[in-house]
Amino acid sequence: MHAMVLKRLKTPLAWTELEDRRPAPNEIRIQVAACGVCRTDLHVLDGELPGPVFPIIPGHEIVGRVDAIGTAVKGLEPGERVGIPWLGHTDGVCPYCLMDRENLCDRALFTGFTRDGGYATAAIADARFAFPLGEAGNDVSLAPLLCAGLIGWRSLVSAGDGKKLGLFGFGAAAHILAQVAKWQGRSVYAFTKPGDTHTQAFALSLGAAWAGGSDERAPEPLDAAIIFAPVGALVPVALRAVRKGGRVVCAGIHMSDIPSFPYSFLWEERELVSVANLTRKDGIDFLHLAPQIGIVVKTTRYPLQKANQALADLRAGRFEGAAVLTP
Ligand SMILES: [Zn+2]
Ligand SMILES: [Zn+2]
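Using this note's numbering, the letters of the sequence shown map in sequence onto residues 93 to 419.
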């Protein structure tokens, strides 16, 4: 097998030939058909997340077909199409697992961060964390659903069921979530970088009720807001955009520092929460719903060996929607 491997922090990924691995009893091997590129991959490269394991193969939005099955795996067949998300393993016994919050597991492993991921021709996964994807939809369009879609979904659930929803940062996750929220009968208010009229037009084309820069005030108070951009300065901005009792959800795994702000921004029972990782239930719920919604995922495709280019383009905001690697 071949992979784009991160050997040290802040270095380009290197195209590397590796020995084919055999799955352990509870694992499967997947021939990778597509792997999405997520902002979290940039945080891994940049050393912004604690505890990476090197060398590591990034990538946690994997779509592929099962080609080898561990002896203890049940319910998956060779040739079956599956998706492998960020949550790669949990211990099942820690207090968080026992309270149905496996996203917070004390001993979780994360695909493409603390276990090898999908920037590769093949990947090994814990079979219990693989989602059967069926045959509807193409591999490239499905890949971004595995993180941008799933963690976006968890954030949307956390935001509550208010009708007026703000989305700060309109990249891979928000462009999927905007469609889900509209399908649910909500109005989406999309906030982009100041002056980014191109992305604002993209948001409006996906049905947003309003789009503007994060330096602009929403035309009316919002019920909730989700912050996808890794920018701590957006926290007080979003708090000011929501009504009394409104909720602000930080959806990213990493954010720059939050500047201090007057208590009045939080006053009147506004809430500020974060969303971490995902549970398998989030995945099952969302992947069940996604085909009914008819989400159109805007993708830019790169050959696997161009992963460094895809990451650079993500960092610079050079594409709309999501980048996807194909071997
Ligand atoms: Zn646990
Ligand atoms: Zn991700």
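Cβ coordinates follow ideal geometry from the N, Cα and C atoms, glycine included.
Item                                                                                                                                                                                                : Value
Figure out for me which residue from Glu109, Tyr281 and Gly229 has the closest Cα to the Cα of Gly254.                                                                                              : Tyr281
With contact counted as at least three CB pairs below 8 Å, one residue from each stretch, are the segment 358-367 and the segment 327-340 in contact?                                               : yes
Taking the beta strand (DSSP E) that Val97 belongs to, which residues open and close that run?                                                                                                      : His94 to Val97
Output needed for Ala247: all residues of its chain with C-beta closer than 6 Å, excluding positions within five of it in sequence on either side, in chain order.                                  : The identity of residue 247 in the sequence shown is Ser, whereas the question assumes Ala. The answer, listed in chain order, is Ile318, Val341, Ala343 and Val367.
Per DSSP, what are the beta-bridge partners of Phe283 in this structure?                                                                                                                            : Phe260 and Gly304
What three-state label does DSSP hand Gln271 in the structure shown?                                                                                                                                : helix
Taking only the alpha-carbon atoms, compute the straight-line gap between Lys256 and Ser279 and give it to the nearest angstrom.                                                                    : 5 Å
Where does Ile376 land, buried or exposed, given buried means 16+ other C-beta within 10 angstroms?                                                                                                 : exposed
Do you know how far the Cα of His94 is from the Cα of Glu111?                                                                                                                                       : 8 Å
Answer yes or no: the CB of Thr371 versus the heavy atoms of ligand 3, is any distance below 7 Å?                                                                                                   : The model depicted lacks ligand 3 and carries ligand 1 and ligand 2 instead.
Whether or not the segment 196-205 and the segment 160-171 are in contact is what I'm after, with contact meaning three or more pairs of Cβ atoms, one per stretch, closer than 8 Å; do they touch? : no
Of the choices Ile122, Asp183, Glu140 and Gly180, whose alpha-carbon is the least far from that of Asp159?                                                                                          : Ile122
What's the gap between the Cα of Lys285 and the Cα of Gly304?                                                                                                                                       : 8 Å
So, at 8 Å on beta carbons, what are the nonlocal neighbours of Ala293 in its own chain, with the 5 sequence-adjacent residues on each side left out?                                               : Ala303
Note the first and the last residue of the continuous alpha helix (DSSP H) segment covering Leu190.                                                                                                 : Pro187 to Leu190
CB-CB under 6 Å to Asp133, same chain, minus the five flanking residues each way: which ones, in chain order?                                                                                       : Pro150
Would you tell me roughly how many angstroms separate the C-alpha atoms of Arg407 and Leu190, rounded to the nearest one?                                                                           : 38 Å
CA-CA distance, Glu308 and Lys390?                                                                                                                                                                  : 26 Å
Alpha carbon to alpha carbon, how far is Ala214 from Pro147? Give it in angstroms, no decimals.                                                                                                     : 16 Å
Sorry if obvious, but does the Cβ on Asp218 come closer than 7 Å to a heavy atom of ligand 1?                                                                                                       : no
So, at 6 Å on beta carbons, what are the nonlocal neighbours of Leu379 in its own chain, with the 5 sequence-adjacent residues on each side left out?                                               : Phe223
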